[in-house]
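Under this note's numbering, the residues of the sequence shown are numbered 10 to 516, in order. A virtual CB, placed ideally from N, CA and C, is assigned to each residue, including glycine.
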Amino acid sequence: MKQQRKNTDDALMDQHPSRAGAEGSEDTSTPVVQQQSNKWTTLLVIAIGVFMATLDSSIVNISLPAIARSFGVPLSGAIEWVIIAYLVVTAAILLTAGRLADMVGRKIVWLTGLVIFTVSSVLCGLAPGLAFLIAARALQGLGGALLLAVSPAMLTSAFPDNERGRALGLNAINVSLGVSVGPILGGFITGYFSWRWIFFVNVPFGILGVIATLIFIKEKVTRSPGRFDPLGAGLLAIGLACLTAGLSFGTELGWSSPIILGLLIVGVIALIILPFVELRVPNPAIVLSLLKDRVFTSALVSLIISFLALFAVSFMLPFYLEELRGFSSELSGVLLTPLPLALAFIAPFSGMLADRFGTRWLAAGGLTIGCLGLIAISFLNAQSSIWDIVWRMLMVGVGQALFQSPNNSALLGAAPREHQGSASGFLATARTMGQCLSIALAGAIFTGMGGATAGLILSSGKAGAQTQQLQQTFVNGFHQTFLVCAVIAGIGVLASLVRGKETRTRG
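1) For Gln392, which of helix, strand or coil comes out of DSSP?
2) For a quick check, are the C-beta atoms of Leu155 and Gly122 less than 7 angstroms apart?
3) What's the call for Gly174, buried or exposed, on a 16-neighbour Cβ count within 10 Å?
4) Could you tell me the alpha carbon to alpha carbon distance between Gly519 and Ala75, rounded to whole angstroms?
5) Could you give the DSSP three-state label for Ala432: helix, strand or coil?
6) Are the Cβ atoms of Pro275 and Ala351 separated by less than 7 angstroms?
7) On the three-state DSSP scale, how would you describe Arg334?
8) With a 10 Å radius around its C-beta and 16 neighbouring C-beta atoms as the bar for buried, classify Pro137 as buried or exposed.
9) Are Ser341 and Glu331 close, meaning C-beta to C-beta below 7 angstroms?
10) Considering only their Cβ atoms, is the gap separating Ala504 from Ser307 smaller than 7 angstroms?
11) Between which two residues does the alpha helix (DSSP H) containing Trp206 stretch?
12) Going by other Cβ atoms of all chains shown within 10 Å of its Cβ, with 16 needed for buried, is Trp400 buried or exposed?
13) Any chance you could list the beta strand (DSSP E) runs of at least 3 consecutive residues sitting entirely within the region 163-195, in chain order?
14) Quick test of your reading: Thr99 and Met325, contact by CB under 8 angstroms. State the CB separation rounded to the nearest angstrom.
15) With DSSP collapsed to three states, give me the class of Asn70.
16) Do Ala147 and Ala94 have their C-beta atoms within less than 7 angstroms of each other?
17) Tell me the residue span of the alpha helix (DSSP H) that contains Tyr95.
18) Suppose you measure from the CA of Trp206 to the CA of Gly200; what does that come to, to the nearest Å?
19) For Asn485, report the span of its alpha helix (DSSP H) as first-last.
20) Looking at the unbroken alpha helix (DSSP H) that takes in Trp370, where does it start and where does it end?
21) Provide the residue span of the alpha helix (DSSP H) that contains Thr462, from first to last.
22) At 4 residues or longer, what runs of the alpha helix (DSSP H) sit wholly inside the region 209-291?
23) Taking C-alpha atoms, which residue in Trp119, Ile226, Asp111, Ser79 lies nearest to Ala424?
24) Measure the beta-carbon distance from Ile398 to Leu411 and round it to whole angstroms, keeping in mind my assumption that it falls under 8 angstroms.
25) Quick one: give me the first and last residue of the alpha helix (DSSP H) that Phe358 is part of.
26) Taking Leu492 as the reference, which of Leu381, Lys471, Gly501 has the closest Cα?
27) So what's Leu299 in DSSP terms, helix, strand or just coil?
28) Would you kindly check if the distance between the Cβ of Ile88 and the Cβ of Val97 is under 7 angstroms?
29) Hey, Leu103 and Ala181: beta-carbon distance below 7 angstroms or not?
30) Check whether the Cβ of Ile355 lies closer than 7 angstroms to any Cβ atom in chain C.
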């Protein structure tokens, strides 16, 4: 099964001044970065970059057939690297980018990300061949990693403690807009213009973001940066890149494939060696001391589990809509929007409630609703009405919105000021790895039960007398996949509940 949309669902902000320095005493060379910008201008500037990154991630998938036709290649194999290259590089760089932001300043990392993303978008649009496009997408992934890794820390610094959840919720509107508009806009641009314009559309946003950053974002670095840890950064990049690539292609190439086994083994070995290296350097690429905090670790685990369970909706529903139901790609894109729209509407309110009442019960309650939504989606079949699809998607979206803002607020709030960039990197990496694991797990279950094969035959129009049997095979695989995801979401509820109470300050 080929890689489907990588939802860059949002994740942001939090910090507690009372915790500053609690875990950072061992790293005296790390700078404390103080954000001097107006909080609303900071939110708007960050909205430009995050919208650009989320729009790009959701706009590309629907244009893959047109890109494949343009270069004369099949819609499998090498063409999938147009998506995979972006995902692998992003996953490999996120944690290092967050740590780098703590060391040299968040503004410079953010600005570098904007420039790289904008220039690489131009290169993608001008690509003369598939190999060039894949390389440009990898460069774009680097820019995206810098943007996604540093944006939560910038918002954390700009907003006071008692408004973190509110800011996170407002940013969720922007993220959801990029995710929901992407498929519709991508289909329109590809149909009426050219696939190349799905990349060129980033350019004005990028230029505007660079100008706005230079004018409005002010930052003061109060201490000199420490030395960069190239060995730790290299091991981290190799480990996460190999794991991401292996998980992305595991279902298609087979989990026993020498290539997949090699990637997974190398990735695991690199990540096993990493802690031994990091504990022996004064300025590690990854701040392992953050994991000693119970609230931080619990929120991080809950975040991975939530994406492992809930991202299956974004991955699996296109197959259901297009292969089982036979809907057009345009209608399928529209039917996928209830989830991000629910996220956009609910997230600001859940963020404000988290500021007022805390994050623990909101996060657990949201993931419980998401779990029930997954169970409801598992019962979709070939006869389900449009409304049956919509209300189930809305239920998952509401649950995800109630979970994400409070959970991310707790995660970032558990990190001291000087490690906000590293905490942001952890957050973004957890989200990416959760998505990759979700694709691997859902794809393995669905394929193993014959659902993928049945879907391909149904969509080819060659089912004939076997149509009903193939539909039943597809539905059975679909049902089991989402039931497993629901069980995983239930485990995430428990992880949210055991975190304990986070320290909160009121304004």
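Walking through what the data contain:
1) coil
2) yes
3) buried
4) The question about residue 519 has no answer here: the residues shown for the chain are numbered 10 through 516.
5) helix
6) First, the amino acid is wrong: residue 275 is Val here, not Pro. Their beta carbons are not under 7 angstroms apart, which means Val275 does not touch Ala351 by this criterion.
7) coil
8) exposed
9) yes
10) yes
11) 206-209
12) exposed
13) none
14) Rounded, the Cβ-Cβ distance is 22 angstroms, inconsistent with contact.
15) helix
16) yes
17) 90-113
18) 11 angstroms
19) 476-506
20) 369-387
21) 460-469
22) 211-225, 239-262, 267-287
23) Asp111
24) Actually they do not touch by this definition, with Cβ atoms about 21 angstroms apart.
25) 347-366
26) Leu381
27) helix
28) no
29) no
30) No chain C appears in the structure shown, which is made up of a single protein chain.
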